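Chains as they are written, first to last, in numbering that gives the first Met the number 0: chain C, 0 to 161; chain R, 0 to 161. Presented below is the structure to which this report refers.
There are 2 protein chains.
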Amino acid sequence: MPQTGRSGCPINLTLEQLGDRWSLIVIRDVMFGNRRTYGELLAQSEEGIASNILADRLKRLTASGLLTRRADPSHRQKRIYSLTEASIQLVPLLAQMGTWGRRHTRPSKELSVRAELLEKGGAPLWSAFMDELRHLHLNARQPVRSVFRELQAAYERAVARR
Amino acid sequence: MPQTGRSGCPINLTLEQLGDRWSLIVIRDVMFGNRRTYGELLAQSEEGIASNILADRLKRLTASGLLTRRADPSHRQKRIYSLTEASIQLVPLLAQMGTWGRRHTRPSKELSVRAELLEKGGAPLWSAFMDELRHLHLNARQPVRSVFRELQAAYERAVARR
DNA sequence: CCGACCGCTTGCATACAGCAAGCACAATTG
DNA sequence: CAATTGTGCTTGCTGTATGCAAGCGGTCGG
Numbered sequence: 000m001p002q003t004g005r006s007g008c009p010i011n012l013t014l015e016q017l018g019d020r021w022s023l024i025v026i027r028d029v030m031f032g033n034r035r036t037y038g039e040l041l042a043q044s045e046e047g048i049a050s051n052i053l054a055d056r057l058k059r060l061t062a063s064g065l066l067t068r069r070a071d072p073s074h075r076q077k078r079i080y081s082l083t084e085a086s087i088q089l090v091p092l093l094a095q096m097g098t099w100g101r102r103h104t105r106p107s108k109e110l111s112v113r114a115e116l117l118e119k120g121g122a123p124l125w126s127a128f129m130d131e132l133r134h135l136h137l138n139a140r141q142p143v144r145s146v147f148r149e150l151q152a153a154y155e156r157a158v159a160r161r
Numbered sequence: 000m001p002q003t004g005r006s007g008c009p010i011n012l013t014l015e016q017l018g019d020r021w022s023l024i025v026i027r028d029v030m031f032g033n034r035r036t037y038g039e040l041l042a043q044s045e046e047g048i049a050s051n052i053l054a055d056r057l058k059r060l061t062a063s064g065l066l067t068r069r070a071d072p073s074h075r076q077k078r079i080y081s082l083t084e085a086s087i088q089l090v091p092l093l094a095q096m097g098t099w100g101r102r103h104t105r106p107s108k109e110l111s112v113r114a115e116l117l118e119k120g121g122a123p124l125w126s127a128f129m130d131e132l133r134h135l136h137l138n139a140r141q142p143v144r145s146v147f148r149e150l151q152a153a154y155e156r157a158v159a160r161r
């Protein structure tokens with residue numbers, strides 16, 4: 000996070016922006032859970048993020064260009080958070096994190112389903128998903144395939160099967 | 000890090016192990032810099048890690064199976080740290096972090112060279128590099144190709160060219 | 001046997017994370 | 001129109017993690 004960053008190594012710089020316990024969790028929830036408001040991110044959080052931490056991360060992520068914020072026409076107090084091209088390009092990174100976590104930690108079966116699909120689908124699937132995210136968050140035109148729905152359906156099937 | 004982890008999501012579990020400012024920096028230096036002792040990691044650190052933080056991370060990473068530690072035959076006090084199969088499998092993750100950092104932060108040119116090669120080489124290069132790491136850290140047999148030397152040479156050329 | 005080296009550890013100050021409560025404003029309900 | 005609920009935060013407090021500087025016991029080279 001915004002420490003006194005040292006070297007210009009791209010890995011280090013990535014860690015400086017995203018190397019904390021919560022930033023990527025927030026992005027994950029916006030990306031895979033399509034949670035778009037503060038309340039949705041707070042209430043439905045699997046990990047139980049604290050409200051002040053969430054507020055802080057939304058501020059930082061917005062300031063560093065990984066999220067944008069706009070008004071919600073249906074409710075004057077609600078803000079809708081959207082991914083940007085930069086955060087959409089985190090898809091391969093998150094997919095790799097899922098792959099590694101699936102192999103080297105003890106994840107729950109249901110929550111691994113998405114990671115498994117993303118791993119099996121590889122770069123072509125990531126790319127299709129990114130196109131869909133550009134539709135959902137950046138007003139690009141809607142692609143034919145909905146990877147989001149595929150992931151969600153697989154997850155719900157896994158939960159039902161439990 | 001070892002907080003009270005919440006969900007069994009593989010991305011979350013990965014973040015719990017590696018989601019801090021220093022753990023991946025240490026692994027990066029062992030992996031790409033072939034720094035194998037406490038002193039090498041401390042003195043040659045581009046980022047200037049504090050000695051107590053380094054000691055703590057080496058302890059944790061060893062405890063969680065991402066590093067192993069053995070005696071150095073040449074010096075009774077030195078310990079040699081090695082990657083494990085689990086940390087070798089972080090190569091794709093680190094490569095993606097490099098790719099993202101190269102595009103969305105302002106990295107230095109010299110330090111981007113490795114990331115660029117890893118990006119262009121893609122999965123086949125990662126795989127060759129992982130084979131080499133298994134040789135350097137796990138006593139597997141030496142592969143013909145040395146990706147490590149290629150990366151190092153490219154980096155040194157970039158530094159010289161400066 | 002002396003000084004440099006080596007892998008850490010300790011003390012202390014500051015920054016960040018986590019919990020619970022609260023607050024201003026907006027919409028909904030009766 | 002008053003009361004209730006919803007919404008996006010903020011505040012206060014406390015514990016933990018980070019960062020810096022110094023120190024410490026064993027080891028090696030001369």
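Glycine included, every Cβ here is placed at the ideal spot set by N, Cα and C. These numbers come from a predicted model, not from an experiment.
Within the region 30-77 of chain R, the complete beta strand (DSSP E) segments of 3 residues or longer fall at 66-71, listed in chain order. In the structure shown, the three-state DSSP call for L82 of chain R is strand. For the region 52-68 of chain R, residues whose beta-carbon sits nearer than 9 Å to a beta-carbon of chain C comprise G64 and L65.
For the region 6-39 of chain R, the beta-carbon criterion of a distance under 8 Å to any beta-carbon of chain C is satisfied by S6, G7, C8, P9, I10, N11, L12, T13, L14, E15, Q16, G18, D19, R20, L23, I24 and R27.
The beta carbons of L124 of chain C and L117 of chain C sit closer together than 8 Å. A152 of chain R places its beta carbon 8 Å or farther from that of R113 of chain R. Using beta-carbon distances, Q76 of chain C does not count as an interface residue toward chain R, since no partner is under 8 Å. Under the rule that a run must span 4 or more residues, the alpha helix (DSSP H) segments found entirely inside the region 106-141 of chain R read 108-137. In the DSSP assignment, G100 of chain R falls within the unbroken alpha helix (DSSP H) covering V90 to H103. By the Cβ-count criterion, P72 of chain R is exposed, with fewer than 16 other Cβ atoms from all chains shown falling within 10 Å of its own Cβ. Scanning its chain for C-beta atoms nearer than 8 Å, with the 5 sequence neighbours on each side dropped, one finds around H134 of chain R the residues R140, Q141 and P142, in chain order.
If you draw a straight line from the Cα of L41 of chain C to the Cα of E155 of chain R, it is about 47 Å long. The beta carbon of V90 of chain C sits closer than 7 Å to those of W125, F128 and M129, all from its chain and outside the five residues before and after it, given in chain order. If you compare the alpha carbons of C:C8, C:I24, C:L12 and C:R161 with that of E109 of chain C, the shortest gap goes to C:R161. Here the alpha carbon of R101 of chain R sits roughly 25 Å from the alpha carbon of G120 of chain C.
When rounded, the separation of the alpha-carbon atoms in T98 of chain C and P9 of chain R is 8 Å. Bounds of the alpha helix (DSSP H) holding V146 of chain R are V146 to R160. The alpha-carbon separation between R5 of chain C and L12 of chain C amounts to approximately 9 Å.
The straight-line gap separating the alpha-carbon atoms of Y37 of chain R and L23 of chain R is approximately 15 Å. Taking 8 Å as the cut-off, the Cβ atoms of L92 of chain C and M30 of chain C do not count as close. Within its own chain, the residues whose Cβ lies closer than 7 Å to the Cβ of S111 of chain C, once the five positions on either side in sequence are excluded, are R101, listed in chain order.
Here D19 of chain R is near D19 of chain C, since their CB atoms are less than 8 Å apart. Measuring C-alpha to C-alpha distances from I79 of chain R to each of R:A157, R:S86, R:R34 and R:I87 identifies R:R34 as the nearest.
Taking 8 Å as the cut-off, the beta carbon of A85 of chain R is found closer than this to the beta carbon of H103 of chain C. Between L57 of chain R and L65 of chain R, the C-beta spacing is not below 8 Å.
Each residue's CA atom was taken as its position, placing E39 of chain C and V25 of chain R some 36 Å apart.
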